[in-house]
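Numbering (my numbering), first residue to last: 10 to 402.
Heads up, the beta-carbon is just placed ideally off N, CA and C, and yes, glycines get one too.
Worksheet: the structure to be examined is printed underneath.
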Amino acid sequence: MLVAGAGPAGARLAIQLARQGVSVTLADSLSSPQQQAFSSAAMPMAAALDLAIPESCWAARWSGWQLIDPDRLQHQWWSDDCLGVVLDFAAFRAQLWDQARDAGVELLLNTRVELSSLEPKAAEVRLAKANGLDEHRRVRWLIDATGARRALLRAAGVRLESSDDPLLSGTGAEWLLQGDDRNAAPWMERISFFLGRRWVHHGYGWIFPMDQHRLKVGVCRLPPLGCSSRSRQGLGDALKQLLRECGLDNCAVLDRHGGTISSTIRRRQELGRGALIAIGDAASTANLLGGEGIRHALVSADCLAEALPAVGGENLRSLYEAALHRRFGWRWPISGRLARRTWGLAPDCRSDRRMSRLIDGLSRHASAEDLSSLLFDYRFEGYGVRLLPYLLR
Ligand SMILES: Cc1cc2nc3c(=O)[nH]c(=O)nc-3n(C[C@H](O)[C@H](O)[C@H](O)COP(=O)(O)OP(=O)(O)OC[C@H]3O[C@@H](n4cnc5c(N)ncnc54)[C@H](O)[C@@H]3O)c2cc1C
10 MLVAGAGPAG ARLAIQLARQ GVSVTLADSL SSPQQQAFSS AAMPMAAALD LAIPESCWAA
70 RWSGWQLIDP DRLQHQWWSD DCLGVVLDFA AFRAQLWDQA RDAGVELLLN TRVELSSLEP
130 KAAEVRLAKA NGLDEHRRVR WLIDATGARR ALLRAAGVRL ESSDDPLLSG TGAEWLLQGD
190 DRNAAPWMER ISFFLGRRWV HHGYGWIFPM DQHRLKVGVC RLPPLGCSSR SRQGLGDALK
250 QLLRECGLDN CAVLDRHGGT ISSTIRRRQE LGRGALIAIG DAASTANLLG GEGIRHALVS
310 ADCLAEALPA VGGENLRSLY EAALHRRFGW RWPISGRLAR RTWGLAPDCR SDRRMSRLID
370 GLSRHASAED LSSLLFDYRF EGYGVRLLPY LLR
């Protein structure tokens, strides 16, 4: 078994299978876990506990939501309980890679996986190494865990989207800042989102707390499908403006990174072909409404790790697909549709008004826990269908 991509999905699958006695190679083009640590890595507390993410990877805990609306008004919701964590993504990856090595996984870094040929029961790959010493291997199962890039699915010509189920992509840029006890204070113990065209066209901005007064500040844009006209607002400009407006533009920048998050809207993407199977972002598991996918990536790896020894071959992909839908539930496909509605709006005063109405509705009817349920579990029923019109109109 060869797993291409050692992000959360690929590393988790490699660990689970190696512990079951399967011989696994895990390859990534990165040279270290600190390189391109692109993910803001916020997640709900329940997921951090259920998925046994070690506390050593939690950079901060949060118990509040803060939304800054198109008119710069701040709205806050607080819970008595801890609602979630922000992971140190580099530390999380490092911990997964250590676990993989301990479980007996062959971990190849600086190694790009390229598909040479694909058959029903085998695949041939080229392992392109940074030192130029390429290698060719033939494997029974090849896993595409290359994230939003979907490098192997694309090389195999697997159909990723259709007119009925298009792929929605978001591009994010994030800076890790060193704050101090004064300028970081308004952003600690909560996750903050900036909504409306004043901040980002077709997207949102965020500030997440980390340890030692560090802050992750980012912007993400998910332009509507078929939107050919490039927005005049650059992602870097939006980020710098957000920093200025929040008085954080003088903080030292410790790291700059960015990446893509993408998923098909109805989650009907083909999950592979022949000996090739996709997991994590490559399999369109991420939640585009909340801009998060780490827990989904980990769960998808667990689903495949459970299905593989059970059937071993013929029906593996359909069993795996059924397991995914069972674990994520019927609401899972809703998140893509809501993301398209929410972030696809034209950046004009009408959409700003709609966003303000949504935030106002949330202020009046929702608790901090409701916000978590809405953005992480796509649950509306806790505070009635009153908010649906704001999202679906
Ligand atoms: C800006 C931004 C902010 C985000 N914030 C959050 C958040 O707050 N919370 C959250 O839960 N999620 C967040 N996400 C999403 C989350 O990071 C992803 O859903 C998650 O990392 C997916 O895990 P994965 O293992 O499927 O893919 P990835 O983490 O993308 O890992 C894929 C790996 O494959 C490697 N690779 C690619 N091509 C090849 C190849 N050909 N050969 C070998 N290796 C290859 C890459 O180097 C990479 O290490 C964010 C994403 C972005 C872009």
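As a quick exercise: from SER88, GLN29, LEU136, pick the residue whose alpha carbon is nearest that of SER381. The residue given as residue 381 occupies position 372 in the sequence shown. Answer by Cα proximity: SER88.
Measure the C-alpha to C-alpha separation of LEU333 and LEU257 and round it to an integer number of angstroms. Here residue 333 refers to the residue found at position 324 when the sequence shown is read from its first residue. Here residue 257 refers to the residue found at position 248 when the sequence shown is read from its first residue. Distance between the alpha carbons of LEU333 and LEU257 is about 41 Å.
Span of the beta strand (DSSP E) around GLY214: As a position in the sequence shown, residue 214 is number 205, starting the count at 1. That run of the beta strand (DSSP E) goes 212-218.
Beta-carbon proximity list for GLY212, same chain, < 6 Å, skipping 5 on both sides: For the purposes of this step, residue 212 is taken as residue 203 along the sequence shown, with counting starting at 1. Result list for GLY212: CYS229, ARG230, LEU231, TRP352, in chain order.
Could you compute how far the alpha carbon of LEU280 sits from the alpha carbon of VAL33? Along the sequence shown, one-based indexing puts residue 280 at 271. Along the sequence shown, one-based indexing puts residue 33 at 24. In a straight line, the C-alpha of LEU280 is about 20 Å away from that of VAL33.
Excluding five sequence neighbours on each side, which residues of the same chain lie with their C-beta closer than 6 Å to the C-beta of SER48? Counted from its first residue, the sequence shown places residue 48 at position 39. Excluding positions up to five away in sequence, the list reads PHE98.
Output the boundary residues of the beta strand (DSSP E) element that contains ARG199. The residue you call residue 199 lines up with position 190 of the sequence shown. Taken as a continuous stretch (DSSP letters only), the beta strand (DSSP E) holding ARG199 covers 199-204.
To the nearest angstrom, how far is it from the Cα of ILE288 to the Cα of ARG147? Locating residue 288 in the sequence shown gives position 279, where the first residue counts as 1. Locating residue 147 in the sequence shown gives position 138, where the first residue counts as 1. Computed Cα separation, rounded: 20 Å.
For ARG402, the three-state DSSP class (helix, strand or coil): Taking the sequence shown and counting its residues from 1, the one referred to as residue 402 is at position 393. With a pLDDT of 46 at ARG402, under the threshold of 50, the modelled position of this residue cannot be trusted; read the value that follows with caution. DSSP places ARG402 in coil when its eight states are reduced to three.
Identify the continuous alpha helix (DSSP H) that holds ASP153 and give its terminal residues. Within the sequence shown, numbered from 1, the residue matching residue 153 stands at position 144. Here ASP153 belongs to no alpha helix (DSSP H); instead the beta strand (DSSP E) covers 151-153.
Sorted by chain position, which residues of the same chain lie with C-beta nearer than 6 Å to GLY393's C-beta, five sequence neighbours on each side aside? Taking the sequence shown and counting its residues from 1, the one referred to as residue 393 is at position 384. The predicted model places GLY393 with a pLDDT of 48, which falls under 50 and marks its position as unreliable, so this point remains unresolved.
6 Å CB neighbourhood of GLY16 in its chain, flanking five on each side removed: Here the question's residue 16 lines up with position 7 in the sequence shown. Correct list, in chain order: GLY156.
Give the DSSP-derived three-state secondary structure of SER382 in the structure shown. For the purposes of this step, residue 382 is taken as residue 373 along the sequence shown, with counting starting at 1. Note: SER382 maps to helix in three-state DSSP.
Let me know the secondary structure DSSP gives THR294 once reduced to three states. Your numbering for residue 294 matches position 285 in the sequence shown. Three-state DSSP puts THR294 in coil, outside helix and strand.
Please state if the CB of VAL114 and the CB of LEU35 are separated by a distance shorter than 7 Å. As a position in the sequence shown, residue 35 is number 26, starting the count at 1. As a position in the sequence shown, residue 114 is number 105, starting the count at 1. It is a contact, given that the beta carbons lie within the stated cut-off.
Short check: CB of GLY405 to CB of ALA182, under 7 Å? Since the first residue shown for the chain is 10 and the last is 402, residue 405 is missing from the structure and cannot be characterised.
Buried or exposed by the 16-neighbour rule on C-beta atoms within 10 Å, applied to LEU401: Taking the first residue of the sequence shown as 1, we reach residue 401 at position 392. Its pLDDT being 48, under 50, LEU401 is placed unreliably by the model, and nothing is read from it.
For ligand 1, I want to know if PRO53 counts as a neighbour, meaning its beta carbon is within less than 6 Å of at least one of the ligand's heavy atoms. Within the sequence shown, the letter at position 44 stands for residue 53. Answer for PRO53: no, Cβ out of range of ligand 1.
Residue range of the alpha helix (DSSP H) that GLU330 falls in? Looking up residue 330 in the sequence shown gives position 321. Its alpha helix (DSSP H) spans residues 325-337.
Please classify ASP78 as buried or exposed, where buried requires at least 16 neighbouring CB atoms within 10 angstroms. Translated into the one-based positions of the sequence shown, residue 78 becomes position 69. When all chains shown are included, ASP78 counts as buried.
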